[in-house]
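If you count the sequence shown from 1, you need to add 50 to reach this note's numbering. Here a beta-carbon is modelled for each residue, glycine too, at the ideal position from N, C-alpha and C. Single-structure report; data block below.
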Amino acid sequence: MRWLRALGEVVRSGLTIEETRLEPLLALRTAAGVAIVIGPALWLASPAYAASAALGAYSAGGATFQRTWRPRKVIALGAGAGLALSTFVGYLAAGRLVTFLPLLAVWAFAAGLAWAVGSTAGIVAATTVGSMLVTVTLPTSVGRALEHAGIIALGGVVQAVLILLFPIRRWGAHRDALADTLAAVADYARRLRHDPTAPFDPEPLMTARDAAAVTPSQARTRPPVLHGPRGLAERIRPVVAALADPDVGAPAEGPGRDRARELLDTAADVLDAAARSIRRGTPAEVPPGSADVLRVDEEHEVLEGPARQAAERLVELLGEALEIAGSGGARGKTPTPPGPAGTQFLMRPTMFRLLPVVIRAVRRELRRDSPVFRHAVRLATVATLGYLIASRLPLGHGYWAPIASVMVMRPDFHRTYARAVARLAGTVAGVALATGMVRALGPDAYVFGALAVVSAGLSYTLIRTGYAYSQCFTAAYVVFLLGMGGQAWEQTVRERVVLTLLGGALAMLAYVLFPAWETPKLAGRLADWLAANGRYAAAVLRSYAEPTREHRADMRRALLASREARAAWQEAYDQARQEPVRPRGLTSREAEEAQEALKGFGRAAMLMESHVPQGDSRFVPEAERFAEALETDTAQAAVDVREHRNPDWGRVEEALNGWEDAADNRSPVVRREAELQKRALEDLATAVSRTPLERDVGSAREEQRVRAAVAAEGDGSGPAHRGG
Numbered sequence: 051m052r053w054l055r056a057l058g059e060v061v062r063s064g065l066t067i068e069e070t071r072l073e074p075l076l077a078l079r080t081a082a083g084v085a086i087v088i089g090p091a092l093w094l095a096s097p098a099y100a101a102s103a104a105l106g107a108y109s110a111g112g113a114t115f116q117r118t119w120r121p122r123k124v125i126a127l128g129a130g131a132g133l134a135l136s137t138f139v140g141y142l143a144a145g146r147l148v149t150f151l152p153l154l155a156v157w158a159f160a161a162g163l164a165w166a167v168g169s170t171a172g173i174v175a176a177t178t179v180g181s182m183l184v185t186v187t188l189p190t191s192v193g194r195a196l197e198h199a200g201i202i203a204l205g206g207v208v209q210a211v212l213i214l215l216f217p218i219r220r221w222g223a224h225r226d227a228l229a230d231t232l233a234a235v236a237d238y239a240r241r242l243r244h245d246p247t248a249p250f251d252p253e254p255l256m257t258a259r260d261a262a263a264v265t266p267s268q269a270r271t272r273p274p275v276l277h278g279p280r281g282l283a284e285r286i287r288p289v290v291a292a293l294a295d296p297d298v299g300a301p302a303e304g305p306g307r308d309r310a311r312e313l314l315d316t317a318a319d320v321l322d323a324a325a326r327s328i329r330r331g332t333p334a335e336v337p338p339g340s341a342d343v344l345r346v347d348e349e350h351e352v353l354e355g356p357a358r359q360a361a362e363r364l365v366e367l368l369g370e371a372l373e374i375a376g377s378g379g380a381r382g383k384t385p386t387p388p389g390p391a392g393t394q395f396l397m398r399p400t401m402f403r404l405l406p407v408v409i410r411a412v413r414r415e416l417r418r419d420s421p422v423f424r425h426a427v428r429l430a431t432v433a434t435l436g437y438l439i440a441s442r443l444p445l446g447h448g449y450w451a452p453i454a455s456v457m458v459m460r461p462d463f464h465r466t467y468a469r470a471v472a473r474l475a476g477t478v479a480g481v482a483l484a485t486g487m488v489r490a491l492g493p494d495a496y497v498f499g500a501l502a503v504v505s506a507g508l509s510y511t512l513i514r515t516g517y518a519y520s521q522c523f524t525a526a527y528v529v530f531l532l533g534m535g536g537q538a539w540e541q542t543v544r545e546r547v548v549l550t551l552l553g554g555a556l557a558m559l560a561y562v563l564f565p566a567w568e569t570p571k572l573a574g575r576l577a578d579w580l581a582a583n584g585r586y587a588a589a590v591l592r593s594y595a596e597p598t599r600e601h602r603a604d605m606r607r608a609l610l611a612s613r614e615a616r617a618a619w620q621e622a623y624d625q626a627r628q629e630p631v632r633p634r635g636l637t638s639r640e641a642e643e644a645q646e647a648l649k650g651f652g653r654a655a656m657l658m659e660s661h662v663p664q665g666d667s668r669f670v671p672e673a674e675r676f677a678e679a680l681e682t683d684t685a686q687a688a689v690d691v692r693e694h695r696n697p698d699w700g701r702v703e704e705a706l707n708g709w710e711d712a713a714d715n716r717s718p719v720v721r722r723e724a725e726l727q728k729r730a731l732e733d734l735a736t737a738v739s740r741t742p743l744e745r746d747v748g749s750a751r752e753e754q755r756v757r758a759a760v761a762a763e764g765d766g767s768g769p770a771h772r773g774g
């Protein structure tokens, strides 16, 4: 993608309104926390203390809106404590650039590394940098600095207490994650009715697994309905795929295909009902004809062989889903998930045991090619440089420039630039709106305090509709706080707009000078996904060769590793498509074709998983030989793809031919599924294999293709974009 087109995408993304469900009750509760600390601070102390209290309550409240599976009150307390600490430490070093700038650089670098733990940690850490920059101007002594730090921490405590006293949709995020998983499988079943080879995005399953990891205290209070349905969705997905596939399931045409479509449609209805039940916590209505459709008649059933086995298995699993849909998640009514009685829940470390996990995560990112490390370097450099430049300008409140940089910067190009555009647009609109109100109402600390609370509530309400629209009311909130403290509005308008523009420009320039492009890494990400898929497919085959509990556990671990590799590839691929970088090593067309081939390979392994035999089934010795060949060839092919060599599947082809020549071929279905895997691998080789001449001119051809596509879009003759 060329720079001009990339910047156009950035502007559109930054100003896009995201269609999401608003949460006004959560916004009202969080805004009430801001009001609770502003009012008494104005009445009992001074506007400066009220500003500190508002900063703590507002930032801690905003942290609770980030997507996280930990209790919201813990996030609020952690954010308040971090803000208080950064305020006090910043004041101790303030007053002289020789002491404050090194502290700011170290703190910003640590805040950038916090992205190694997750986006929530990274955003909260960036907020503490902003707190350090703002509040060092408020205290006048060490004692006052301690007081301001205490008041900021009190804002986090107030938000945590409100969450404890007025819980809104407790476990709501966890319920949504699980319901989204069941709804995704329902949508998959509907798409399979029309497209038997439709793809399935495993992201909802990964999100639900992440949400299922809880601390011991959370496990004691988790609703029963959140225990079993995730595994149910995991087991239904390969079964519906196997039923719909014409190679190993229902025939492509005729009564068998009609029966399969009927079962898939009913499965989607039942899963949707279960999703609604879990999301709302109430019993759901299941279509009345579902029970009749889910009856496999021994005499009149038209499905035969593997298709009939898949239908019977689907009916069994949907029976469990019907129980969930009818229970509504009431205590004691949810069916017990299958498995050993002593099965442990997925463990999430407590806050006190999180330190070793954080240290390991940060140490993994301490390398020059890590996007997180490069983000930390950019953040530290831009924060200190922005503060130094702004302090030399004939403008007050120089901290606005580095704050703008710190709050918009992200580890990737697209989000950094989109947020910079959104912040500038939101700031201009918010400052203009708030300035007009300040000018009309005149100086009144209590009125400005009330308007600050209203602005905070509107910012929280719109926080998930787009950064620009939330930032508009955040800017108004800051203007009202300054007005409450006696700052002149004329100064506020000029300074905030100019310095925000400066901070955004520095953030964007930093990514150009020290980028972390994903485009050159695509070949490596593809290789990792290929190797992980090969291990997963081999683990499934070994479950046929010797169906033991240990092999089933290996299969599960390989599946999870394959999903993680696919998610890493998908994230890198999506970012690379938005980067203004020439393809190197793997063109966009090759990447797209290779992605489709690997999806087909993973789907073939999933189909094979749906027929994995039980422990008392007979062995399939040919599967072990094919598994060894598959794992060896995919591992070597991963090295070849990473080093831009053509992959070879000689061992796979030899093992498959030996399987075909075996005298006792007791597993024709598994054999057909193995053929699907080999076909997908051949498609992958076709996608990434190039002649020496193509390797030399590949980048030039890709650039010509991109120019032609841009020209076609410009004159309206280009093809319509396909939905994703």
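- request: Check whether the Cβ atoms of Arg20 and Val298 lie closer than 7 Å to each other.
  value: Beyond the ends of the chain as shown, which are 51 and 774, falls residue 20; an answer cannot be given.
query: How is Val264 classed by DSSP in three states: helix, strand or coil?
result: As a first step, residue 264 is located in the sequence shown; it is residue number 214 there, counting from the start. Residue state, collapsed to three classes: strand.
query: Quick one: what's got a C-beta closer than 7 Å to Pro671's C-beta in the same chain, skipping five residues either side?
result: Within the sequence shown, the letter at position 621 stands for residue 671. Here the set comprises Ala595.
message: I need the straight-line Cα distance from Leu559 to Ala502, nearest angstrom please.
response: Here the question's residue 559 lines up with position 509 in the sequence shown. Here the question's residue 502 lines up with position 452 in the sequence shown. Distance between the alpha carbons of Leu559 and Ala502: 33 Å.
message: Quick check: the Cα distance between Val793 and Ala131, rounded to an integer number of angstroms?
response: Because residue 793 is not part of the residues shown, which for the chain are 51 to 774, the question remains open.
- request: Inspect the beta-carbon positions of Ala161 and Ala171 and report whether they are closer than 7 Å.
  value: Start at 1 with the first residue of the sequence shown, and residue 161 comes out as number 111. Start at 1 with the first residue of the sequence shown, and residue 171 comes out as number 121. Contact flag unset, no.
query: Using DSSP with H/G/I as helix, E/B as strand and the rest coil, what is Met401?
result: Here the question's residue 401 lines up with position 351 in the sequence shown. Three-state DSSP puts Met401 in coil, outside helix and strand.
message: Taking the beta carbon of Gly193 as the centre, do at least 16 other beta carbons fall within 10 Å, making it buried, or is it exposed?
response: Here residue 193 refers to the residue found at position 143 of the sequence shown. The residue is exposed, with fewer than 16 neighbouring Cβ atoms inside 10 Å.
- prompt: How close, in whole Å, do the beta carbons of Ala730 and Phe651 come, if the pair is a contact with beta carbons under 8 Å?
  reply: Taking the first residue of the sequence shown as position 1, residue 730 is located at position 680. Taking the first residue of the sequence shown as position 1, residue 651 is located at position 601. Correct: roughly 4 Å between the Cβ atoms.
field: Alpha carbon of Ala341 to alpha carbon of Glu614, nearest angstrom
entry: Counting from one through the sequence shown, the residue named residue 341 turns up at place 291. Counting from one through the sequence shown, the residue named residue 614 turns up at place 564. Going from the Cα of Ala341 to the Cα of Glu614 covers about 37 Å.
- prompt: Using the C-alpha atoms, what's the distance from Leu367 back to Leu276?
  reply: By one-based count along the sequence shown, residue 276 stands at place 226. By one-based count along the sequence shown, residue 367 stands at place 317. If I take the Cα positions, the gap works out to 17 Å.
query: Along the chain, where does the alpha helix (DSSP H) that runs through Gln625 open and close?
result: What you label residue 625 is simply residue 575 of the sequence shown in a count that begins at 1. First-last of the alpha helix (DSSP H) with Gln625: 599 to 627.
- prompt: Of the choices Val691, Ala581, Thr114, whose alpha-carbon is the least far from that of Arg634?
  reply: As a first step, residue 634 must be located in the sequence shown, where it is residue number 584. Checking every option, the nearest Cα to that of Arg634 belongs to Val691.
- request: Determine the burial state of Pro305: buried for a count of at least 16 other Cβ atoms within 10 Å of its Cβ, exposed for fewer.
  value: Translated into positions along the sequence shown, residue 305 becomes position 255. By the 10 Å Cβ count, Pro305 comes out exposed.
message: Helix, strand or coil for Ala391? Go by DSSP, reduced to three states.
response: Within the sequence shown, numbered from 1, the residue matching residue 391 stands at position 341. Confidence at Ala391 is low in this model, with a pLDDT of 36, below 50, so the placement of that residue should be treated as unreliable; the coordinate-derived value is given next. Three-state result, Ala391: coil.
- prompt: Alpha carbon to alpha carbon, what distance is there between Ala283 and Glu703?
  reply: For the purposes of this step, residue 703 is taken as residue 653 along the sequence shown, with counting starting at 1. For the purposes of this step, residue 283 is taken as residue 233 along the sequence shown, with counting starting at 1. So the alpha carbons of these two residues sit roughly 34 Å apart.
query: Using DSSP with H/G/I as helix, E/B as strand and the rest coil, what is Gly382?
result: The count along the sequence shown starts at 1 and reaches residue 382 at position 332. Residue placement at Gly382 is poorly supported in this model, since its pLDDT is 46, which falls under 50; the coordinates still yield a value, given next. Coil at Gly382, not helix or strand.
message: Is it buried or exposed, Glu335, if we count other Cβ atoms within 10 angstroms and call 16 or more buried?
response: Numbered from 1 along the sequence shown, position 285 holds the residue referred to as residue 335. Exposed: under 16 other Cβ atoms inside 10 Å.
- prompt: According to DSSP, is Met182 helix, strand or coil?
  reply: As a first step, residue 182 is located in the sequence shown; it is residue number 132 there, counting from the start. The answer is helix: DSSP assigns Met182 an H, G or I state.
- prompt: Where do the N-terminal and C-terminal ends of the alpha helix (DSSP H) with Arg240 fall, by residue?
  reply: Within the sequence shown, numbered from 1, the residue matching residue 240 stands at position 190. Its alpha helix (DSSP H) spans residues 222 to 244.
- request: Could you tell me the distance, in whole angstroms, from the CA atom of Phe564 to the CA atom of Ser191?
  value: As a first step, residue 564 is located in the sequence shown; it is residue number 514 there, counting from the start. As a first step, residue 191 is located in the sequence shown; it is residue number 141 there, counting from the start. Whole-angstrom Cα-Cα distance: 39 Å.
task: Using only alpha-carbon positions, find the residue among Glu678, Ser739, Gly554, Glu362 that is nearest to Asn696.
output: Looking up residue 696 in the sequence shown gives position 646. Residue Ser739 is the option with its Cα nearest to Asn696.
message: Could you check whether Arg307 and Ala318 sit closer than 7 Å to each other, using their CB atoms as the reference points?
response: Residue numbering aside, residue 318 sits at position 268 when the sequence shown is read from its first letter. Residue numbering aside, residue 307 sits at position 257 when the sequence shown is read from its first letter. It is not a contact, given that the beta carbons lie outside the stated cut-off.
query: Do Phe523 and Leu508 have their C-beta atoms closer together than 7 Å?
result: Start at 1 with the first residue of the sequence shown, and residue 523 comes out as number 473. Start at 1 with the first residue of the sequence shown, and residue 508 comes out as number 458. Yes, these two residues count as a Cβ contact at 7 Å.
- request: Return the first residue and the last residue of the alpha helix (DSSP H) that Lys41 is part of.
  value: The chain is shown from 51 up to 774; residue 41 falls before or after that span and cannot be answered.
task: Could you give the DSSP three-state label for Ser660: helix, strand or coil?
output: For the purposes of this step, residue 660 is identified with residue 610 of the sequence shown, where counting begins at 1. DSSP places Ser660 in coil when its eight states are reduced to three.
message: I'd like to check one pair, Pro279 with Leu228: are the Cβ atoms closer than 7 Å?
response: As a position in the sequence shown, residue 228 is number 178, starting the count at 1. As a position in the sequence shown, residue 279 is number 229, starting the count at 1. Cβ atoms of Leu228 and Pro279: closer than 7 Å.
Three-way DSSP call (helix, strand, coil) for Glu253 in this model: By 1-based counting over the sequence shown, the position of residue 253 is 203. Residue state, collapsed to three classes: helix.
message: Just to confirm, is the Cβ distance from Tyr449 to Leu78 under 7 Å?
response: Counted from its first residue, the sequence shown places residue 449 at position 399. Counted from its first residue, the sequence shown places residue 78 at position 28. Their beta carbons are not under 7 Å apart, which means Tyr449 does not touch Leu78 by this criterion.
query: For Ala324 versus Leu232, is the C-beta distance shorter than 7 Å?
result: As a working mapping, residue 324 is identified with position 274 in the sequence shown. As a working mapping, residue 232 is identified with position 182 in the sequence shown. Contact flag set, yes.
Own chain partners of Leu552 with C-beta closer than 6 Å, once the 5 adjacent residues on each side are dropped: As a first step, residue 552 must be located in the sequence shown, where it is residue number 502. Contacts found: Ala451.
- prompt: Whose C-beta lies closer than 6 Å to the C-beta of Tyr238 among residues of the same chain, with five residues either side of it excluded?
  reply: Taking the sequence shown and counting its residues from 1, the one referred to as residue 238 is at position 188. Only Phe250 meet the Cβ criterion.
task: Compare the beta carbon distance of Gly499 and Leu92 with 7 Å and say whether it is the shorter of the two.
output: By one-based count along the sequence shown, residue 499 stands at place 449. By one-based count along the sequence shown, residue 92 stands at place 42. For Gly499 and Leu92, yes; Cβs fall inside 7 Å.
- prompt: Phe423: buried (16+ other C-beta within 10 angstroms of its C-beta) or exposed?
  reply: Looking up residue 423 in the sequence shown gives position 373. It counts as buried.
message: Going by C-alpha to C-alpha distance, which of Ala107, Leu429, Ser327, Thr434 sits closest to Gly31?
response: Because the chain in this structure spans residues 51 to 774, residue 31 falls outside the shown range and cannot be described.
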